[in-house]
Structure formats: C-alpha cells, structure tokens
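The numbering used here numbers the first residue of the sequence shown as 167 and each following residue consecutively. Structure record follows, encoded as structure tokens.
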Amino acid sequence: MDAAEMGELATLAGEIISKYLDTSCLEPVSSHILAAGKIKNPRQICINDRNIASTGDMKTPAVQDLIWSCEELDLSNNNLHLTSVPEILEHFPLLKVLNLCRNPLNGTEMMDKGFVASRLEVLVLNNCLLSWEGLFWLLQICPELKRLHLDSTTIDFAKPDQGISFPNIEVLHFSKNRLSPLVLKYLSHFFPNVKELYFMQNQSEEAWQVIDESIFTELEKLSLIDCSVCEWGEIESFGCLKSLKHLKLLNCPVLEGLDVNLRRQLVIARLPYLITLNGGETITRDARDKAERAFIRYYMEEENKPARYIFLRFIRDLELIVNFLRFVLTVYTCQIKAFLGTYHT
Numbered sequence: 167m168d169a170a171e172m173g174e175l176a177t178l179a180g181e182i183i184s185k186y187l188d189t190s191c192l193e194p195v196s197s198h199i200l201a202a203g204k205i206k207n208p209r210q211i212c213i214n215d216r217n218i219a220s221t222g223d224m225k226t227p228a229v230q231d232l233i234w235s236c237e238e239l240d241l242s243n244n245n246l247h248l249t250s251v252p253e254i255l256e257h258f259p260l261l262k263v264l265n266l267c268r269n270p271l272n273g274t275e276m277m278d279k280g281f282v283a284s285r286l287e288v289l290v291l292n293n294c295l296l297s298w299e300g301l302f303w304l305l306q307i308c309p310e311l312k313r314l315h316l317d318s319t320t321i322d323f324a325k326p327d328q329g330i331s332f333p334n335i336e337v338l339h340f341s342k343n344r345l346s347p348l349v350l351k352y353l354s355h356f357f358p359n360v361k362e363l364y365f366m367q368n369q370s371e372e373a374w375q376v377i378d379e380s381i382f383t384e385l386e387k388l389s390l391i392d393c394s395v396c397e398w399g400e401i402e403s404f405g406c407l408k409s410l411k412h413l414k415l416l417n418c419p420v421l422e423g424l425d426v427n428l429r430r431q432l433v434i435a436r437l438p439y440l441i442t443l444n445g446g447e448t449i450t451r452d453a454r455d456k457a458e459r460a461f462i463r464y465y466m467e468e469e470n471k472p473a474r475y476i477f478l479r480f481i482r483d484l485e486l487i488v489n490f491l492r493f494v495l496t497v498y499t500c501q502i503k504a505f506l507g508t509y510h511t
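This is how it looks when you write it as structure tokens:
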C-alpha cells in the first residue's frame, strides 16, 4: 500500500516513479518503452487523486529522464499549494498544458517573479481555493498563456488597476460562478483580447445589461448554457459585440415555451453580426431575411416593442420605398425610350 492509499501526503516525484517507472528493471528496451512495458518520455502524464502535497526530489535522474519531453500534465484532485506550481513548471520545460483543478492552491507566500514558464499555453484552475493575488501572480509568470479555466472558483476580483491586464489570454472558461455587472467589467478589463468565452450554470444577476461597445471588443465566440438569461434585452445587448460571430445559447429561461425554429429566428434577428447559432449551419442572407420578417410579425401586435423591432421595421419600410422608386424610374425610363423611338421614326 502506497502513501496516497494510506492517506499520507505524497510527492510528485514519488508518484511519477510509482506509476511510470519500472524499478525492477532499470535497463530500457527502447527509447520509448521500458522493459516492463511502461512508457518512457510520455507526452502526457496524469496523476490524479494521489494526495500529492509537494514536488519531492524531481532531480532524480530517472525522473528527469522520463519527464523532460512531457507537454501535458494532469495533477487534478491533489493537495498542492501555490508555492509548488513554479517548482512543477521548472522541472517540465516543454509543458504546454497544466491541469491543477481541485487543488487548494492557497497560501500567500509567492515565489520569485523572475521565474517564467515560457511555453505554458493552457492552465486549468477549476475548483481551487485561489485568491486574486494568487491568480495574478500565476498569470504574471505565464506570459504565453492562451487558455484559462476558472470554473467554480472563489476568486474575489480586485478593482482593476488601469495598468494591469493580460492581453495574451484568448480563451476564458468561467462556468459555475456568480456573475454580476461588476465582475463582467473586471473580466473584460483583465482579459481584453479574449476571443472565446464559456459560461455554464452561471447566476448572472442581469450582468449582460452592462454590455456595450467597450466590453470584450475582440470576442468572437460566446457560450451560455444553463445560465440565468431571463430577458430578451440581455440577448439584444450582445449586438454591441461587433466581433461576435458564434453564439451558443441553450437552456436559458428567456427561451422557454418557444418553438425551436421561432426561438432561433428571434435570436438571429437581434444579432446582425452572427454567423452561427448553437453550432448550426452558417446563417445565410436568406435565413437572416426570414428571421427578421418572423421577428417583425412576432412583435407587430405587442405593446412594448423592442428597439430592434423599430430599427428592422424602418429598414423594411425604407426598402419598400426604394423598390417603389426603382419601379417608377424603370417605367419612366421605358416610356421615355418609347417616346424617343417614336419621335425618331
């Protein structure tokens, strides 16, 4: 029975040796497979739920030889604290993906900010007891980070400093967190170049009402699943996101009780820049035209008409006038030509 099974605190080095190294046979058969069939130099290392609390002796030659080429490391559901993170990153020089979900990651003692994880692109911090100071420090030492997972966190975001942001982050997962207008503004400030945002099971407190052209200016893809979007006005506010091309909107209260096709049309008509909805086919000009006509019919008899209805109705009326003038001009031109033809003969 090993330390983890006995409830004792384990080390990362010890668990790597236990899982990936054959201690009974030190001579490798090839550069990739050890004599007992265990993988040598794996690209992915996964050690979950082993009560790992520290790195241990990572400088052991056998450990160093095995982990140098690792690009993805999954250490979820262990007992690691914040100070262990740079030690881990230091010993995995080629690491691109690090999963630390369900680790405490608490503590206020920080390592030297001079350390930089120059290759890390994906960091998973779901269900961690991480403070804003801890997250801020981690983001500073991972300048090439592109994708950040912050689902089910306890982070209390600090008031933004105008000089602090992380423009390298392009994908942000922020599910199962409480959203407020203030939190949404903070996220936009700290991650100004986010292209993809993922929300699931978020209590939003009408957070989307604060959206304007200054928020998430680079956002191209937004996913809202099982979120408390209760008003059409919240969806209409997404129209301010001029870079938004792909929207996933599922299981939200505002959509309840509507036919699937009508639901789709009412969303498309509100968002003029949208290219796909819920992962479906590309929205064609014909599909958009039908959606806008359905939208106008739907609200025609309603007392409280949304602003989008007034705009679309104006455009439709303007099109009718333009088409009528074109018709009149065509008829007039034909009559002139006929008259001139008769005159010359």
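Ideal Cβ positions, reconstructed from N, Cα and C, are used throughout, including at glycine.
- Nearest to Val360 by alpha-carbon distance, out of Pro472, Pro333, Glu469 and Ala219, is Pro333.
- A direct Cα-Cα distance of roughly 7 angstroms separates Asn207 from Trp234.
- For Ala283, the secondary structure class from DSSP, reduced to helix, strand or coil, is coil.
- Excluding sequence positions up to five before and after Val395, its CB lies within less than 6 angstroms of the CB of Cys418 and Val420, all in the same chain and listed in chain order.
- In the three-state scheme derived from DSSP, where H, G and I count as helix and E and B as strand, Glu402 is classed as helix.
- Of the candidates Arg479, Lys471 and Thr221, the residue whose Cα lies closest to the Cα of Asp455 is Arg479.
- Here Asp215 is exposed. Its C-beta has fewer than 16 other C-beta atoms within 10 Å.
- 8 angstroms or more divides the Cβ of Lys351 from the Cβ of Glu386.
- In this structure, Leu305 is the residue among Leu305, Thr249 and Gln230 with its C-alpha nearest to the C-alpha of Phe357.
- Judged by their CB atoms, Gly399 and Gln369 are not nearer to each other than the 8 angstroms cut-off.
- Nearest in C-alpha terms to Ser354, of all of Thr450, Pro309 and Val337, is Val337.
- A direct Cα-to-Cα measurement between Gly280 and Ile381 gives close to 32 angstroms.
- The three-state secondary structure of Val288, taken from DSSP, is strand.
- Uninterrupted beta strand (DSSP E) stretches at least 3 residues long and entirely within the segment 317-371 occur at 337-339 and 362-366, given in chain order.
- Collapsing the DSSP output to three states places Asp215 in coil.
- Judged by DSSP in its simplified three-state form, His247 adopts coil rather than helix or strand.
- If you draw a straight line from the Cα of Ala283 to the Cα of Lys262, it is about 9 angstroms long.
- For the set Glu287, Leu266 and Asp327, the Cα lying nearest the Cα of Leu241 is the one of Leu266.
- Collapsing the DSSP output to three states places Ile391 in a strand.
- Per DSSP, reduced to three states, the secondary structure at Asn265 is strand.
- Shortest Cα-Cα distance from Gly273 to any of Leu295, Pro438, Arg285 and Leu289 involves Leu295.
- Boundaries of the beta strand (DSSP E) around Arg313: Arg313 to His315.
- Runs of the alpha helix (DSSP H) spanning 4 or more residues and lying entirely within the segment 431-461 do not occur at all.
- In chain order, Gln369 place their CB closer than 6 angstroms to the CB of Arg344, counting only its own chain and leaving out the 5 sequence neighbours on each side.
- Taking the C-beta atoms as reference points, His257 is found nearer than 8 angstroms to Thr221.
- Secondary structure note for Asp231: its alpha helix (DSSP H) is the uninterrupted segment Pro227 to Ile233.
- The alpha-carbon separation between Glu422 and Arg459 amounts to approximately 21 angstroms.
- Inclusion of Ala435 and Phe461 in the CB contact set at 8 angstroms is warranted, their separation being smaller than that value.
- Secondary structure note for Lys185: its alpha helix (DSSP H) is the uninterrupted segment Leu178 to Tyr186.
- The residues Glu384, Leu385 and Glu386, in chain order, have a CB closer than 6 angstroms to that of Ser409 in the same chain once the five nearest residues on each side in sequence are set aside.
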